[in-house]
Structures are given as structure tokens and as C-alpha cells.
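Working notes, beginning with the structure itself.
2 protein chains.
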Amino acid sequence: MTARQYDGLNDGLNDGLNDDLNDDLNDVTNDVTATLRFFMEADRLKGVERKNFLSDGSRRENTAEHSWHLGIAAMIMAPFASEPVDIATAVCMALVHDIVEIDAGDTFAYSQSEDELASKEAREIAAADRLFGLLPAAAGERFRALWDEYERGDTPEARYVMAVDRMAPMLLNTAEGGSTWREFGITRDRVIARNGPHIEPALPAVWAVALAGLDAATAAGHVAAD
Amino acid sequence: MTARQYDGLNDGLNDGLNDDLNDDLNDVTNDVTATLRFFMEADRLKGVERKNFLSDGSRRENTAEHSWHLGIAAMIMAPFASEPVDIATAVCMALVHDIVEIDAGDTFAYSQSEDELASKEAREIAAADRLFGLLPAAAGERFRALWDEYERGDTPEARYVMAVDRMAPMLLNTAEGGSTWREFGITRDRVIARNGPHIEPALPAVWAVALAGLDAATAAGHVAAD
Chain X
110 MTARQYDGLN
120 DGLNDGLNDD
130 LNDDLNDVTN
140 DVTATLRFFM
150 EADRLKGVER
160 KNFLSDGSRR
170 ENTAEHSWHL
180 GIAAMIMAPF
190 ASEPVDIATA
200 VCMALVHDIV
210 EIDAGDTFAY
220 SQSEDELASK
230 EAREIAAADR
240 LFGLLPAAAG
250 ERFRALWDEY
260 ERGDTPEARY
270 VMAVDRMAPM
280 LLNTAEGGST
290 WREFGITRDR
300 VIARNGPHIE
310 PALPAVWAVA
320 LAGLDAATAA
330 GHVAAD
Chain Y
110 MTARQYDGLN
120 DGLNDGLNDD
130 LNDDLNDVTN
140 DVTATLRFFM
150 EADRLKGVER
160 KNFLSDGSRR
170 ENTAEHSWHL
180 GIAAMIMAPF
190 ASEPVDIATA
200 VCMALVHDIV
210 EIDAGDTFAY
220 SQSEDELASK
230 EAREIAAADR
240 LFGLLPAAAG
250 ERFRALWDEY
260 ERGDTPEARY
270 VMAVDRMAPM
280 LLNTAEGGST
290 WREFGITRDR
300 VIARNGPHIE
310 PALPAVWAVA
320 LAGLDAATAA
330 GHVAAD
């Protein structure tokens, strides 16, 4: 939404509510406007491109649809989790945890750029400050708390969401023939080193299937052994 | 994921687990395999194209990223809802409610095709049977119940999710200049008739802003008045 279009919304809103203006209504109006501004800003996550492809290989995935897929994963993977998880918290965390990429961009899971990795945390904190700061205070604090919890990784839900966040691209890469692994020279050993420590402890039976798929992909020549 | 690749996963899995085979483990293995099969099938929702464009007008939206956006909306719009809603249920419903489009396709909100509208329900029920039937029983029943509840529209959560489901494309259309409305000759009156009955009762203050935006778009010539 352009600034001009926001002005149009705001002008129209003020005109439409002139008859009923009072402080309470102004508070609600301000919160609605802030919430919608965040909602429209969030739309930009659909334009953040990730490295991995969809399972049919047709194009690279964007972060918004990836986040939806993780929300679904959080709903269905709980029976295989190694510790009890609150599914509602995990689903919301999955939806929120990558919103900072609107400002900070996607950092490739296998990045070896020291500059990129060194600046990632600072860029993402600045993004969280700006983006979650658009929301009314209560919602902004909830989103920030979910994002902080995910980043800290110190709760069952954070470990569970991190596991499905690593599982998803590994399965997509396996399904479509390992394009991204070959494009960036990622070997089977590196796939295991990057993903195993997150997936195996949290979702051991899922890791067994993912690893079997990786071995089949290795045998098929879709990923180099080492 | 192709059948061949699934066979690879399954072969690898059976090889890897031969040492520990027993009935309990087979049950878990079957559930993991079924869950992952659904997860990979769900990936296809990213390829279902909707009619409306993203807010920057760069391309049409797909149903997976739309569903993510609704999940976010369900997290942040509750303070403006006209009746109390269980946010966790609403978020999960938002993520699940359009999965049937993998088989049934997206039906345009303003469709006037009698054939399309008449067949929509049957196509979507068949899709729900097949897709949710891929999941282990407990998860499949949960997804089906959420979808049924949304389709019935008879709970606060279903009305709330329907409201944000109508709000989202209305705001995106307004933001990017009404391309879809002009492409299909949708007038301001029809936008109100289609969306108002869902948004206004559930989210009245949000409807006021959306309507003001529509009026601004009408004044700017992005949508015809009637």
C-alpha cells in the first residue's frame, strides 16, 4: 500500500466517523489503523524469496508460503515430538518467526559468508523492532515474545518449530531432486550436519524418514556424498 | 514428491529400521509416513493461483501465502471482533480452510458461473475426503472438523475467519489499485454486497476502514461506482 493510498484510507476513515468521534472511538480507530498497517506490511513477506524450490521444482519458495507450511507442520507433527508441545503456541510461532525477513531478507541455511552471518542478528533485531512496533502494544509484545522465544530456542515449542523449519526445506529439496544442494555444492554430510542436530532430538522418527530420503537422493546422484 | 521418490523414502526407511521392527514401531512409522505424505501434498497449495494481486501489484496471490496472511490476521484482529473468539482455533481454521483448493481449485469470490458455483460444494467435499484422508485418523478428523466448521459458518471462530478471509483480498485490491475489480467489471456496489455481510457484523471497526478505502478507490477511478 503506498503512502498515498494510506492517506486515502485515513481521510475516508476520519470523514466517515466524524459524527461519532470520542476518545474511546479514537483509541479503537488508532488500533485498527495500526493493525491494518501491519497487516499490509506483512504482505511483503510473500515477495521474500528463499533458496529452496517447491516440491515440483517449478520455482523457488517464498517465506510467506513457507511459514504457512510450517504452521501446518506444527499442527500435525506433535505426535512425533520427543517432548510435549503446546500446539497453539507452536503454530503461532511458526507463522511469526520469519516476519523479520521483510526487512532483513532470507539468510541461506548453508551460508558461509562471515559478513552475512555476523550481521544477521543485528539486521533481524532492527527488523523486529520496526515491524512488531507497527502493531498496537499488546499484539506487538506478543509477536515479539514469540520471535524472541524462537530465537532463544530454549522451550519445547521453539525446539519443535526449529525442527520443522529445518525438516521442510530438506524434504522439498529431496522431493524435487536436490537442485539447491547441487547449485550451492551442499553435500550429504553438510545436510546432516546442518539439519540433524535440530530435527533428530525433537522429531526422531521424522528424522529417520528424512535421512532415508536423503540417502536415496544421494544414491540417485541428487546430492554429493561428501 | 513423485511415486518413485516416495518408494525411495519407504525403502530407505524399512532398511534403516529392520533391527528394531515391532508392531508399535510400525504404527509410528506408518503415521509418520502418512503425515509426511500429507505434508508434501499440501505443498501443492502454493501453486493454486487466486484472482487478486499482492498489494504491490507484482503478481497474483497463491492460496498458501493467502492462508498464512489469514493466520496472521486471526492473531491480530481479535480485539476488534464483535464476539469473543478462541484465537488458536481461528488461526488453525485459517490455515486449513482452503486446503481443499489443491483438488478443487480456487472459486472466484465474484463468480457468476452457475456451473462453477453448483459444482463447488461437491468438488470441495471430494477434496476434503481425499486430502484429509491422507492423514492419520486423529489429525485427519481434526482438520476435517475445522473445515466443516468453517463451511457451516455457525461458530464465532468461523464467522471471524470468514470475515478476515473477505477483508484480506478487499484490502489488497484497494492497495494495488483495483486491478482485479476492473479486470472482471466488479463495481463498488458488488464489493460491498459480497464482503459487507461477512466483515461488518464480525469486525465492524475494520469494515469502516475497509469501506473508507473502497470509497477512496472509487473516487480515484480504481473501481466503478455501480
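First to last, the sequence lines map onto chains X and Y.
Going by this note's numbering, the first sequence opens with residue 110, and the numbers climb by one from there.
Going by this note's numbering, the second sequence opens with residue 110, and the numbers climb by one from there.
Note that CB positions come from ideal geometry on N, CA and C, so glycine has one too.
Bear in mind the structure is a predicted one, so any value in this text is a computation, not a measurement.
- Cβ atoms of V332/X and R297/X come within 8 Å of each other, at about 5 Å.
- Across the set G305/Y, A197/Y, L204/Y, the C-alpha of L204/Y shows the shortest separation from the C-alpha of A173/Y.
- With distances taken between CA atoms, I185/Y lies nearest to E250/X out of I185/X, S228/X, E210/X, E250/X.
- Think of a sphere of 9 Å around the beta carbon of P306/Y: no beta carbon from chain X falls inside it, the nearest being about 19 Å out.
- The C-beta separation of E192/X from P265/X comes to about 5 Å, placing the pair in contact by the 8 Å criterion.
- Among the residues of chain Y, those whose CB is under 9 Å from the CB of V315/X are V141, T144, L145, following chain order.
- Close CB contacts of F217/Y within its chain, under the 6 Å cut and outside five residues either way in sequence, are with K160 (chain order).
- The beta carbon of D195/Y sits closer than 7 Å to the beta carbons of E266 from its chain, once the five residues preceding and following it are set aside; these are given in chain order.
- Annotation: K155/Y is outside any beta strand (DSSP E) and is labelled neither H nor E by DSSP.
- Comparing alpha carbon positions, the residue from A325/X, D274/X, S220/X, I208/X closest to M149/X is I208/X.
- Distance from the CA atom of M271/Y to the CA atom of G156/X, rounded to whole angstroms, is 25 Å.
- Among the residues of chain Y, none has a CB under 9 Å from the CB of A190/X; the nearest is roughly 12 Å distant.
- Listed along chain X, no residue sits closer than 9 Å to M271/Y by beta-carbon distance, the nearest being about 17 Å off.
- Residues of chain Y with a Cβ closer than 7 Å to the Cβ of A182/X are, in chain order, F148.
- Spanning the alpha carbons of T198/X and H206/X requires a straight line of approximately 12 Å.
- At a cut-off of 8 Å between beta carbons, W256/X makes no contact with chain Y.
- R268/X: not part of any beta strand (DSSP E); member of the alpha helix (DSSP H) spanning 265-285, first to last residue.
- Between R232/Y and A248/Y, the C-beta gap is not smaller than 8 Å, which leaves the two residues out of contact.
- Against chain Y, the CB of G156/X has a partner CB under 8 Å away; the residue lies at that interface.
- By the criterion of a C-beta distance shorter than 7 Å, L243/X is surrounded in its chain by A143, R146, F147, E150, once the five residues flanking it on both sides are discounted.
- In the same chain as A334/X, and ignoring 5 residues on each side of it, the C-beta atoms closer than 6 Å to its own belong to R297, T327, in chain order.
- In the displayed model, R146/X falls within a helix according to three-state DSSP.
- Neighbours of D274/Y in chain X, taken as residues at a C-beta separation under 8 Å, are lacking, since the least C-beta distance is about 13 Å.
- Think of a sphere of 9 Å around the beta carbon of V137/X: the chain Y residues whose beta carbon falls inside it are P188, F189, A314, in chain order.
- If you check the CB distance, D152/X and L154/Y do not come in under 8 Å.
- Under the Cβ distance rule, W177/X counts among the residues neighbouring chain Y, one pair being separated by less than 8 Å.
- D215/X has a beta carbon lying at 8 Å or more from every beta carbon in chain Y.
- At a cut-off of 8 Å, the C-beta of N171/Y has a neighbouring C-beta in chain X.
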